[in-house]
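Participant: Heads up, the sequence shown is in our numbering, so the first residue is 1 and it goes up one at a time. Even for Gly, the Cβ is constructed at its ideal location relative to N, Cα and C. In this text the structure is predicted, and so the values were computed from the model without any measurement.
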Amino acid sequence: MAEQRFASVGGLKTHYWQAGSGPALFMLHGQLPGSSAEVEFGGNIDRFAAAGYTVYAPDLAGFGLTDNPPDFTIEARIAHVEAFIAVTGQAPRAIWGSSMGTYIGCVIAKRDPRVQRLVITPSSVLPPPGTAPRTEAGEKQAEAIHAYKPSLEAARALLSRVLVSHPPSDALVRLFFAMSTGKNEDAERQRRAAGRPRAIHGELNDLSASSLLVWGNNDVSVPAERGLLLFAGLPRAEFHVLHRCGHWPQHDQPERMHRLVGDFLRAA
């Protein structure tokens, strides 16, 4: 059973979930306003611990129960994850990134040859830009994220756009809302002020790690076409597109994701 723990990482009180034993798998969540390790990976931690991995799922700097950092640039946030990995004392055999977590995971894998496997789910910042303009549904989703103000109603409305195969549970709505309030609401404003990370897709053609890309066919924010463009520039990669699936495949298609990711990690 996953345990909640805290560690001092680069001067930040850092909250994380840990479970299992075996090769280390780090799960890195994205950056929706109420994102956290539990929000995005709560249903996966124990599953992969039972499959023979030591799973670490941290709340990234400025998210969840982890302190807000003094520097919200993506470089400082990546450095926090690298410092967290060092604190665990484990070799990062595999990294599973969700949305912005995929960007962080790829940068770390470029620097750390111990990373053998990367799991990449939909990300708006990692792939090359697509040729097709964003759809009306995509524009509305982007507007909903930008306009989000913490409330249970707003949390339910935003999650209902992110999830495709089923409506959000009351428990997920409450957790997402809680993780978007207080110091995390201030962190969201500061992340926006820090700006969009620089493009790195052109730097990934020599990745030593193998990559599994899983895209949702119904993700209006990042169409599968962009995932395919990313796949084309990665060595040792495979690409899967799932129907009835949006920006969080691990939520929309959990059983399929468990099989896909489990098979991919076992091949290491």
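Are Pro-122 and Trp-215 close, meaning C-beta to C-beta below 7 Å?
Facilitator: Yes; because the gap between Cβ atoms is below 7 Å, this pair is in contact.
Participant: Is Ile-45 helix, strand or coil when you go by DSSP?
Facilitator: Correct three-state label for Ile-45: helix.
Participant: What residue does the beta strand (DSSP E) around Tyr-103 start on, and which one ends it?
Facilitator: Per DSSP, Tyr-103 belongs to no beta strand (DSSP E); it is in the alpha helix (DSSP H), 100-111.
Participant: According to DSSP, which residues form a beta bridge with Leu-213?
Facilitator: Paired residue(s): Ile-120, Phe-239.
Participant: Distance check for Gly-43 and Ala-147, CA to CA, integer angstroms please.
Facilitator: The alpha-carbon atoms of Ala-147 and Gly-43 are separated by roughly 28 Å.
Participant: May I have a chain-ordered list of the alpha helix (DSSP H) segments no shorter than 4 residues that lie completely inside the segment 239-267?
Facilitator: Segments of the alpha helix (DSSP H) lying fully in the segment 239-267: 249-252, 254-266.
Participant: Taking His-146 as part of the alpha helix (DSSP H), name the residues at either end of that continuous run.
Facilitator: Looking at the DSSP string, the run of the alpha helix (DSSP H) that includes His-146 is 136-147.
Participant: With the cut-off set at 7 Å, would you say Tyr-56 and Tyr-16 are in Cβ contact?
Facilitator: Against a cut-off of 7 Å, the Cβ pair of Tyr-16 and Tyr-56 comes out as a contact.
Participant: Between Leu-229 and Gly-130, which are expected to be in contact by the criterion C-beta below 8 Å, what is the C-beta distance as a whole number of angstroms?
Facilitator: Indeed they touch by this definition, with Cβ atoms about 7 Å apart.
Participant: In whole angstroms, give me the CA-to-CA distance for Glu-3 and Ala-24.
Facilitator: If you take the alpha carbons of Glu-3 and Ala-24, they lie about 15 Å apart.
Participant: If contact is defined by three or more beta carbon pairs under 8 Å, each pair taking one atom from either stretch, is the segment 30-46 in contact with the segment 58-76?
Facilitator: Verdict: yes, contact present.
Participant: Mapping DSSP to helix, strand and coil, what is Gln-4?
Facilitator: Note: Gln-4 maps to strand in three-state DSSP.
Participant: Return helix, strand or coil for Gly-195, following the three-state DSSP convention.
Facilitator: It is coil, neither helix nor strand.
Participant: Note down, in chain order, each residue of its chain lying with its Cβ closer than 6 Å to the Cβ of Ser-165, except the 5 sequence neighbours on either side.
Facilitator: Around Ser-165: Arg-244, Asp-252.
Participant: Less than 8 Å between the CB atoms is what I'm expecting for Ile-74 and Pro-197, so what's the real figure, rounded?
Facilitator: Confirmed, Cβ separation roughly 4 Å.
Participant: Please check the pair Val-115 and Ile-95, which I expect to be a contact at CB under 8 Å, by giving their CB distance rounded to whole angstroms.
Facilitator: That belief holds up - the Cβ atoms of Val-115 and Ile-95 are roughly 6 Å apart, short of 8 Å.
Participant: Between Val-81 and chain C, is there a C-beta pair that is closer than 7 Å?
Facilitator: Although the question refers to chain C, the structure presented lacks it and comprises just one protein chain.
Participant: Does Thr-14 pass the burial test, meaning 16 or more other C-beta atoms within 10 Å, or should it be called exposed?
Facilitator: With 16 or more other Cβ atoms within 10 Å, it is buried.
Participant: Express the C-alpha separation of Ala-193 and Ala-154 in angstroms, rounding to a whole number.
Facilitator: Going by the C-alpha atoms only, they are around 22 Å apart.
Participant: By Cβ distance, which residues of its chain are closer than 6 Å to Arg-236, with the 5 residues on each side in sequence left out?
Facilitator: If we look at Arg-236 and ignore the five residues flanking it on each side, its Cβ neighbours are Ser-210.
Participant: On a Cα-Cα basis, can you pick out the residue from Leu-212, Ile-145, Arg-174 that is closest to Gly-105?
Facilitator: Comparing Cα-Cα distances from Gly-105 to each of Leu-212, Ile-145, Arg-174, the minimum goes to Leu-212.
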